[in-house]
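In this note's numbering, the protein residues as written are 24 to 213. Virtual Cβ for every residue (Gly too), placed ideally from N, Cα, C. As the structure is a prediction and not an experimental result, all values here were calculated from the model.
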């Protein structure tokens, strides 16, 4: 019995001070795109247990990405016909994308779904979006707005698979064809 208590005690001591379990996650997830001049990201809600009324965040963009447009997701749309999307670069800083999405009425959106899909134009080689700040997820409880601090926000890793697999394949095929042509030319000269 003592080893079990000791294990439990060690576990509790190892938790960071003030750590609370999360009530869901909002993740900025890169998607693959057949369009070589664009990058897509989805903002995904995962197992949100609070009834949300809206969210807001600032997405810091690298110089090589420029916001193009967005598509509405299902997360807020499935419970409300009145969803407002404000997604635009900050006036004095195009590298900061302001994002605000809100519903009118009661908080009732929970669960998992796509919140929004964001499209960016590539202006050069990019490692993708690396920072999301000023994050807020809000609900309405007893007629008052509540900002939930127990919803985690994250950015999924940006990898070659999402950003340019088709470009890599095309480059490798082109290199192979050039190498094969050179090889066959050299063989023909012998």
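Query, Result
"With 16 other Cβ atoms within 10 Å as the buried cut-off, status of residue 111", "exposed"
"Boundaries (first-last residue) of the beta strand (DSSP E) holding residue 53", "48-54"
"Whole-angstrom distance between residue 117 and residue 86, CA atom to CA atom", "9 Å"
"Whole-number beta carbon distance between residue 82 and residue 174, since they are thought to touch under 8 Å", "With a Cβ gap of about 17 Å, residue 174 and residue 82 do not count as contacting."
"Collapsed DSSP secondary structure at residue 129 in the structure displayed", "coil"
"Counted within 10 angstroms of its Cβ, other Cβ atoms place residue 67 as buried (16 or more) or exposed", "buried"
"Alpha-carbon to alpha-carbon, residue 152 and residue 183", "Confidence at residue 183 is low in this model, with a pLDDT of 43, below 50, so the placement of that residue should be treated as unreliable; the coordinate-derived value is given next. Looking at the two C-alpha atoms, the distance is approximately 14 Å."
"Option nearest residue 154 by Cα separation, candidates 176, 168, 163, 172", "176"
"Given 8 Å, three or more beta-carbon pairs between the region 55-74 and the region 141-148", "yes"
"Closest Cα partner of residue 109 within the set 139, 59, 167, 211", "139"
"Local Cβ density within 10 Å of residue 211, reported as buried at 16 or more and exposed below that", "exposed"
"DSSP three-state assignment for residue 105, whether helix, strand or coil", "coil"
"Given residue 102 as reference, the closest of 79, 128, 120 once Cα atoms are compared", "128"
"Among 124, 113, 88, the one whose alpha carbon lies nearest that of residue 76", "124"
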